[in-house]
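Novice: Residue 97 in the working numbering sits at position 88 of the sequence shown, with consecutive numbering throughout.
All residues carry an ideal CB built from backbone N, CA and C; glycine is no exception.
Computed from a predicted model, the values in this text were never measured in an experiment.
The structure follows.
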Amino acid sequence: MDVIRQFHFDEETGVVTPCGVIRSGVKRAGRGLGPRYLIFAKALPTCYVVNELSSQVGVFTYDAGVAASIESAWAGAGSVEAKQAAVCAAAEPTLTLVQTVATIPDAFPVEMNTCGRITIHPSGDFVVTSNRGHDSVCVHRVHRDSTPPGLLSLAGIFHTRGETPRHFQFDPSGQWLLVANQDSNTCAVFAFNTATGCVTYTGNTYKVPSPNFVSVRA
């Protein structure tokens, strides 16, 4: 369906109320979007959505005022049923698409790739996405002072020294990147340049049967 579904959650009652649908990006010809993960920027009114099928990241602005209006509608009604009706009546999108960027080179066939994970570097300065098919990680720089804030520009696309990088993880310092290459049964270790976003293979690869998640203990 290529959409982000918006809900209101009341932490006191645990009630979840549907309150909007937002398209997750701009469709490519003959290809769906397939939104997979959504992550909010650090200290910016911005969120990033990785679209698995179109190999794109959608950049959205977050409107805290709209969210507050929805919350006020809930708080101002009586019964749970009345609260849910009020939320639905007040519902507007809290997210607005402002940019779409690719995670693979233009020359690479989009039908041969699906995106895996998306995360924000511990510094907040980079958005990183994995490409399963192109077998790479794509690094975009976050521009905090752009208008609107949080727009992205490409820092580089780097091979993961294995097949199907399903998951990856930074260490707490943000200087090391560990990538789980599921279909080559390996985990590879990379150095991450925190100034440029450049990813450099360290020469260290470990055999792991079908790795699909990496967790780093601080």
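Are the beta-carbon atoms of Gly183 and Pro218 separated by less than 8 Å?
Specialist: Cβ atoms of Gly183 and Pro218: not closer than 8 Å.
Novice: Based on Cα-Cα distance, which residue from Gly206, Asn213, Asn202, Thr203 lies nearest to Ala189?
Specialist: Closest option to Ala189, Cα to Cα, is Asn213.
Novice: Per DSSP, Ala197 forms a beta bridge with which residues?
Specialist: Per DSSP, Val188, Thr214.
Novice: Could you tell me whether the region 139 to 158 touches the region 89 to 98, using the rule of 3 or more Cβ pairs below 8 Å?
Specialist: No, the region 139 to 158 is not in contact with the region 89 to 98.
Novice: In terms of residue numbering, what span does the alpha helix (DSSP H) encompassing Gly125 cover?
Specialist: No alpha helix (DSSP H) contains Gly125, which is instead part of the beta strand (DSSP E) from 123 to 129.
Novice: Tell me the DSSP bridge mates of Cys28?
Specialist: Answer by DSSP bridge pairing: none, since Cys28 is not bridged.
Novice: Quickly, what does DSSP pair Arg37 with across the bridge? List them, please.
Specialist: DSSP lists Arg40 as partners of Arg37.
Novice: Could you check the C-alpha separation between Ile31 and Gln108 for me, to the nearest Å?
Specialist: Their backbone Cα atoms lie some 14 Å apart in a straight line.
Novice: Quick one: give me the first and last residue of the alpha helix (DSSP H) that Ile79 is part of.
Specialist: First-last of the alpha helix (DSSP H) with Ile79: 73 to 84.
Novice: Please classify Asn221 as buried or exposed, where buried requires at least 16 other C-beta atoms within 10 Å of its C-beta.
Specialist: Per the 10 Å Cβ criterion, exposed.
Novice: Is the distance from the Cβ of Arg175 to the Cβ of Arg141 below 8 Å?
Specialist: A contact, by the Cβ cut-off of 8 Å.
Novice: Which stretch, first to last residue, makes up the alpha helix (DSSP H) that contains Val96?
Specialist: It spans 89 to 99 - the alpha helix (DSSP H) in which Val96 sits, taken as one unbroken run.
Novice: I believe Thr22 touches Val89 by the beta-carbon criterion, under 8 Å. Please report the beta-carbon distance rounded to the nearest angstrom.
Specialist: Thr22 to Val89, Cβ: 7 Å. Contact.
Novice: Rounding to the nearest angstrom, what Cα-Cα distance links Arg45 and Ile129 in this structure?
Specialist: Each residue's alpha carbon lies about 15 Å from the other.
Novice: As a quick exercise: from Ser155, Gly125, Thr209, pick the residue whose alpha carbon is nearest that of Phe199.
Specialist: Among Ser155, Gly125, Thr209, the Cα nearest to that of Phe199 is on Thr209.
Novice: For Leu14, report the span of its beta strand (DSSP E) as first-last.
Specialist: As written in the sequence, residue 14 is Arg, which differs from the Leu given in the question. First-last of the beta strand (DSSP E) with Arg14: 12 to 18.
Novice: Roughly how many whole angstroms lie between the Cα atoms of Val229 and Ile127?
Specialist: Because the chain in this structure spans residues 10 to 227, residue 229 falls outside the shown range and cannot be described.
Novice: Quick one: give me the first and last residue of the beta strand (DSSP E) that His152 is part of.
Specialist: It spans 145 to 152 - the beta strand (DSSP E) in which His152 sits, taken as one unbroken run.
Novice: Say the cut is 7 Å; is the CB of Glu101 nearer than that to a heavy atom of the ligand NAD?
Specialist: Of the ligands one can find in the structure shown there are none, so the ligand NAD has no counterpart to examine.
Novice: From this set, Phe49, Ala197, Asp11, Ser63, which residue's C-alpha is nearest Gly125's C-alpha?
Specialist: Checking every option, the nearest Cα to that of Gly125 belongs to Ser63.
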